[in-house]
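Remarks on the structure that follows.
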Amino acid sequence: MTYPLVVVANRLPVDLSTEPDGSTSWRRSPGGLVSAMEPVMQGAEGAWVGWPGSPGPAPAPFDADGMHLVPIGLSEEEVADFYEGFSNDTLWPLSHDVISPPVYHRHWWDAYRRVNRRFAEAAAAQVAPGGTAWVHDYQLQLVPAMLRELRPDVRIGYFHHIPFPPLELFAQLPWRTQVIHGLLGADLIGFQRSGDASNFLRVTRRWTDLAVRGGTVSMPDGRSIRVGSFPISIDSRRFDELARSPWLRARAAEIRADLGDPEVLLLGVDRLDYTKGIRHRIKAVGELFDEGRLDVPGAAFVQVASPSRENVEAYQQLREEVEVLVGRINGEHGRIGSQPIHYLHHSYPPEEMVALYSAADVMLVTSLRDGMNLVAKEFVAACVDDRGVLVLSEFTGAADELSGALLVNPHDIDGLKSAIERAVTMAPREVRSRMRRLRRRVLTDDVAKWSTGFLEALAGTAVQPAFARDA
Ligand code: F6P
Numbered sequence: 048m049t050y051p052l053v054v055v056a057n058r059l060p061v062d063l064s065t066e067p068d069g070s071t072s073w074r075r076s077p078g079g080l081v082s083a084m085e086p087v088m089q090g091a092e093g094a095w096v097g098w099p100g101s102p103g104p105a106p107a108p109f110d111a112d113g114m115h116l117v118p119i120g121l122s123e124e125e126v127a128d129f130y131e132g133f134s135n136d137t138l139w140p141l142s143h144d145v146i147s148p149p150v151y152h153r154h155w156w157d158a159y160r161r162v163n164r165r166f167a168e169a170a171a172a173q174v175a176p177g178g179t180a181w182v183h184d185y186q187l188q189l190v191p192a193m194l195r196e197l198r199p200d201v202r203i204g205y206f207h208h209i210p211f212p213p214l215e216l217f218a219q220l221p222w223r224t225q226v227i228h229g230l231l232g233a234d235l236i237g238f239q240r241s242g243d244a245s246n247f248l249r250v251t252r253r254w255t256d257l258a259v260r261g262g263t264v265s266m267p268d269g270r271s272i273r274v275g276s277f278p279i280s281i282d283s284r285r286f287d288e289l290a291r292s293p294w295l296r297a298r299a300a301e302i303r304a305d306l307g308d309p310e311v312l313l314l315g316v317d318r319l320d321y322t323k324g325i326r327h328r329i330k331a332v333g334e335l336f337d338e339g340r341l342d343v344p345g346a347a348f349v350q351v352a353s354p355s356r357e358n359v360e361a362y363q364q365l366r367e368e369v370e371v372l373v374g375r376i377n378g379e380h381g382r383i384g385s386q387p388i389h390y391l392h393h394s395y396p397p398e399e400m401v402a403l404y405s406a407a408d409v410m411l412v413t414s415l416r417d418g419m420n421l422v423a424k425e426f427v428a429a430c431v432d433d434r435g436v437l438v439l440s441e442f443t444g445a446a447d448e449l450s451g452a453l454l455v456n457p458h459d460i461d462g463l464k465s466a467i468e469r470a471v472t473m474a475p476r477e478v479r480s481r482m483r484r485l486r487r488r489v490l491t492d493d494v495a496k497w498s499t500g501f502l503e504a505l506a507g508t509a510v511q512p513a514f515a516r517d518a
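In terms of this note's numbering, the sequence shown is residues 48 to 518.
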C-alpha cells in the first residue's frame with residue numbers, strides 16, 4: 048500500500064525504549080517537530096518515515112494513532128556518525144551561531160549521505176504515484192534531491208525547523224554546495240523566519256550558478272523552486288482545553304502547594320541544550336536572589352531540563368555547568384524545606400507540562416538562538432485565565448510573532464534581571480492585556496493553519512516539467 052502524504056523526519060513520533068528487564072515499549076519522542084506534526088498527521092491519511100530513537104535493526108512498519116509508521120534502522124556507528132556527529136555536532140552548532148564550535152569530520156559526512164539515502168529510498172517506497180512527500184529538518188537536507196531522483200512524479204516539500212545560518216557561517220561547511228543542491232530537490236523550501244529564507248537564497252546565489260529572483264530559484268531542468276517562511280505553531284486548542292480541565296487545575300494548585308506556595312513561581316522548560324540560554328537564565332535568577340530582589344520562600348524557580356543528546360560532549364559539559372550553578376545557588380539561598388531553584392532533569396508528559404505552565408506566573412525563554420521555540424507558544428495557550436508573563440529572547444523565531452512578551456537579550460544579564468523583575472512586579476492589568484494579545488495570536492495561528500498553509504503552497508507549485516510532458 049502507498050500513501051498520498053508521506054512525512055519524512057529523523058524521528059518517528061514515538062521512540063522504542065528498552066526497559067531494564069529487556070522488554071520494549073513505545074514512548075512519545077522529544078522535541079518541537081513531533082509536537083507540531085503529530086496533530087497534522089493524525090487527521091491525514093499518511094505515512095511517517097523516521098528513526099525509532101535507538102540503535103539497531105528497524106522494527107516492522109506498524110499503525111499507531113491513525114498513522115502508518117515506517118521505522119528506519121540505524122546501527123550504533125550510524126547513530127554516532129550521522130545523528131550525534133554530523134547532525135548534532137556539525138550542523139546543529141553551525142546553525143545556532145556557532146555557540147559551540149562545529150566539528151567537521153569527513154566520515155561523519157559519509158554517514159550523513161548514506162543515511163539520507165536510506166530515508167529517501169524508504170520514502171520513495173511509501174508515497175503513492177503523484178503523491179506528496181514532506182521532508183523535515185536539518186538531519187535530512189539531502190533527501191529532497193535523492194527522492195526526486197528516485198520518484199520524479201512526487202511533489203516534494205521541505206521544512207527547516209531550525210535557523211538557517213548566515214552566509215558567513217554557512218561558508219565554513221566543507222559540503223555547503225552539496226547541501227544546497229540537496230535542498231533544491233524540493234518544490235517548496237520552507238523556513239521559520241523570512242531571515243532564514245533570505246540566508247538560504249543568499250548562499251544559493253553565492254555557491255551555485257542558478258538564477259535566484261525574489262523567493263524563486265530556477266533550475267536548469269525548468270523547475271522553479273519556491274522558498275519562503277512558514278512560522279510553525281502548536282495545537283493551541285488542545286493546550287487551552289487541557290488547561291481548563293478541573294483535574295489539571297487541581298494538579299497546578301498541588302504543584303504550587305508542593306513548592307511551599309510561593310508568591311511568585313518562575314518557570315523554564317527546555318531540552319538541556321546549549322542553545323537555550325539555560326546558564327544565562329540561572330545566572331540572572333541567582334543574582335536576583337543574591338541581591339535580595341527575589342527571596343526564599345517568596346519566589347521559586349522551576350527549571351525542567353529534559354535529557355537530550357547525552358552522548359555529545361558539548362551537552363555533557365553543559366549538564367555539569369548547569370548542575371554546579373544550581374547547586375551553588377541552592378546551597379547559598381536554600382533553607383530546610385525550601386530552595387530557590389527546583390531543577391528537574393526529566394521529560395514529562397504534555398499533561399504535566401500544562402499543569403506546570405498553569406501554575407507558573409512568569410515563563411523564562413532565554414534561547415541564544417532558536418528556530419521558533421514552541422514552549423513559549425505552549426505557555427501562552429495554557430494561560431487560560433490571562434495570568435502569566437512571558438519573558439522571551441529576541442533570538443527566537445517566536446519573538447517575531449509574540450508581541451506582548453517582554454523581549455530580552457539573554458547575553459545582557461543585567462537587562463535580563465531587570466526584565467525578570469519587571470515581570471514579577473507587573474501590575475495585573477498589564478499582565479492581562481499582554482497575555483490577551485499573546486493568546487489571540489497563538490490561538491489564531493495554530494499548527495493546523497501552518498500545515499495547511501505549507502501544503503497549499505506546495506500544491507500550488509508547478510509539477511515537474513518532464514512529468515507534465517509525460518502526463
Ligand atoms: O526542532 C529541532 C529538533 O532537532 C528536531 O528535529 C528534533 O526532533 C528535536 O529538535 C529533538 O531533537 P532530537 O531528535 O535530537 O532529540
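Ideal placement from N, C-alpha and C gives every residue a C-beta, glycine not left out.
Item, Value
"Residue from A171, N456, A299 with nearest C-alpha to V431", "A299"
"Identity of the residues DSSP links to L63 by a beta bridge", "W73"
"CA nearest to the CA of L449, picked from R488, L463, V478", "R488"
"Range of the contiguous beta strand (DSSP E) that encloses H154", "Where H154 is concerned, there is no enclosing beta strand (DSSP E), although the alpha helix (DSSP H) it sits in stretches over 153-173."
"Test item: CB-CB of P106 and P118 under 8 Å", "yes"
"Anticipated Cβ contact below 8 Å, M203 with A233, distance rounded", "A quick correction: the sequence has Ile, not Met, at residue 203. Confirmed, Cβ separation roughly 5 Å."
"Contained beta strand (DSSP E) runs [length at least 3] in the segment 228-300, N- to C-terminal order", "235-238, 258-260, 263-265, 271-276"
"Coil, strand or helix - R223 by DSSP", "helix"
"Neighbour-count burial assignment, T251, 16 or more Cβ in a 10 Å radius", "buried"
"Inter-residue Cα distance where the pair is Y321 and S414", "9 Å"
"Nearest-angstrom Cβ-Cβ length linking L178 and P51, presumed shorter than 8 Å", "In the sequence under discussion, the amino acid at residue 178 is Gly, which differs from the Leu named in the question. With a Cβ gap of about 5 Å, G178 and P51 count as contacting."
"Residues of its chain near Q188, where Cβ-Cβ distance is below 7 Å and the 5 sequence neighbours each way are ignored", "V226, G229, L230"
"Whether V494 touches I279 by CB criterion (8 Å)", "yes"
"L80: CB within 7 Å of a non-hydrogen atom of the ligand F6P", "yes"
"Among K323, F277, Q186, L214, nearest to H458 - alpha-carbon criterion", "K323"
"Distance, A175 Cα to R198 Cα", "10 Å"
"For R375 and G307, the rounded distance between their alpha carbons", "21 Å"
"Inter-residue spacing [alpha-carbon to alpha-carbon] between A518 and D282", "Only weak support exists for where A518 lies, its pLDDT of 30 falling under 50; the value from the coordinates is given anyway. Cα to Cα, A518 sits roughly 38 Å from D282."
"Distance between F501 and L116 (C-alpha atoms, nearest Å)", "22 Å"
"Contact check, L35 vs V401, beta carbons under 8 Å", "Lying outside 48 to 518, the shown extent of the chain, residue 35 is not represented and no answer is given."
"Residue range of the unbroken alpha helix (DSSP H) whose run includes Y362", "360-380"
"Simplified DSSP assignment, three categories, for F514", "Note that F514 has pLDDT 49, beneath the 50 cutoff, so the model's placement of it is unreliable and the number below is only indicative. Of the three classes helix, strand and coil, the one that applies to F514 here is helix, per DSSP."
"Beta bridge counterpart(s) of P213 as assigned by DSSP", "In DSSP, P213 forms no bridge with anything."
"Straight-line Cα distance separating Q239 from G275", "9 Å"
"Rounded separation between F286 and P221 - CA only", "42 Å"
"N420 - DSSP class collapsed to helix/strand/coil", "coil"
"H143 Cβ short of 7 Å to the ligand F6P heavy atom set", "no"
"Cβ-Cβ distance between R249 and L214 below 8 Å", "yes"
"P77: CB within 7 Å of a non-hydrogen atom of the ligand F6P", "yes"
"Cross-strand partners of V96 (DSSP beta bridge)", "V55, V117"
"Beta-carbon separation (whole angstroms), Y205 vs V182, contact threshold 8 Å", "5 Å"
"Cα-Cα separation, L335 to L439", "18 Å"
"C-alpha distance - A352 paired with V316, whole-angstrom precision", "6 Å"
"Heavy atom of the ligand ATP within 7 Å of G90 beta-carbon", "As far as ligands go, the structure on display features the ligand F6P and does not contain the ligand ATP."
"Counted within 10 angstroms of its Cβ, other Cβ atoms place P99 as buried (16 or more) or exposed", "buried"
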